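Heads up: the sequence shown begins at 0 in numbering that gives the first Met the number 0, then just goes up one per residue.
Written out below as structure tokens is the structure these notes cover.
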Amino acid sequence: MTAAKNLFMLATIFVIAVLVIGSPTFAVKDKKDKKGKKNNVEVKAEDGLVVITDTVDDVKVKEGGRVILEGATVNGKIDAKGAYRVELRFGTTVDGDVKIKESTLVRVVDSVIGGKLKIEKNDSGDTPININRNEISGYVKVEKNTASEIRINNNIIGGDLKGKENDAVIVKSQNIIGGDDEL
0 MTAAKNLFML ATIFVIAVLV IGSPTFAVKD KKDKKGKKNN VEVKAEDGLV
50 VITDTVDDVK VKEGGRVILE GATVNGKIDA KGAYRVELRF GTTVDGDVKI
100 KESTLVRVVD SVIGGKLKIE KNDSGDTPIN INRNEISGYV KVEKNTASEI
150 RINNNIIGGD LKGKENDAVI VKSQNIIGGD DEL
């Protein structure tokens with residue numbers, strides 16, 4: 000009887016989670032782009048929450064799109080503009096650049112980026128923008144963002160850490176920066 004109760008509670012929690020945050024979608028487009036890359040992912044608002052855990056080429060997040068990359072491998076770049084949510088976490092690896100612009104919820108945590116990280120013109124209101132515990136080969140640019148805080152902690156950055164015109168408290172510590180710290 001205890002096992003049946005546990006199963007019922009688990010099912011109830013799952014149903015509540017789906018109702019509250021929406022059903023996660025796992026979407027990989029299997030078409031070639033102009034450069035012959037396959038497995039590009041395009042996330043739009045109507046897709047709901049898209050969770051990527053596999054290997055893909057490029058990721059493009061459009062207006063209102065919501066994406067979480069969790070332990071994923073991106074062989075190309077990530078480009079998000081006007082997204083509602085963009086999260087890279089838990090061992091996600093991106094070979095190229097990551098650009099998140101004019102979006103709402105931004106988190107880059109425990110990830111490896113082979114190129115640059117640009118966080119520009121995002122407005123997260125009372126929610127902090129988090130860039131924590133990453134290895135980033137290129138520079139990090141944090142510019143013209145609005146948030147309660149921009150947290151940049153425990154990163155290894157191969158290039159410069161730069162930014163200006165942010166309407167947020169900048170909290171940064173224990174970063175190893177290969178270039179100049181201009182933030």
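Even for Gly, the Cβ is constructed at its ideal location relative to N, Cα and C.
Keep in mind the model is a prediction, meaning the values are calculated, not measured.
Item	Value
DSSP bridge partner residues for ALA79 (one or two, in chain order)	VAL60, ILE99
Counted within 10 angstroms of its Cβ, other Cβ atoms place LYS163 as buried (16 or more) or exposed	exposed
Beta-carbon proximity check, GLU148 vs VAL168, cutoff 8 Å	yes
Residue of VAL85, SER123, LEU116, LYS80 minimising C-alpha distance to ASP94	LEU116
Whether GLU86 touches LYS59 by CB criterion (8 Å)	no
Whole-angstrom distance between ILE99 and ILE118, CA atom to CA atom	5 Å
Assigned exposure category for ILE107 - 16 Cβ within 10 Å defines buried	The question names Ile, but residue 107 in the sequence shown is Val. With 16 or more Cβ atoms within 10 Å of its Cβ, VAL107 is classed as buried.
Under 8 Å between C-beta atoms of ASN133 and ASN154	yes
Through-space distance from GLY177 to ILE51, alpha-carbon basis	30 Å
Bridge partners - SER172, DSSP secondary structure assignment	ASN152
Cβ shell of LEU68 (< 6 Å), same chain only, five flanking positions each side left out	ILE51, LEU87, THR91
Nearest-angstrom beta carbon gap, GLY137 and LYS188 [assumed within contact, 8 Å]	Since the displayed the chain opens at 0 and closes at 182, residue 188 lies outside it and no answer follows.
As assigned by DSSP and simplified to three states, the class of ALA44	helix
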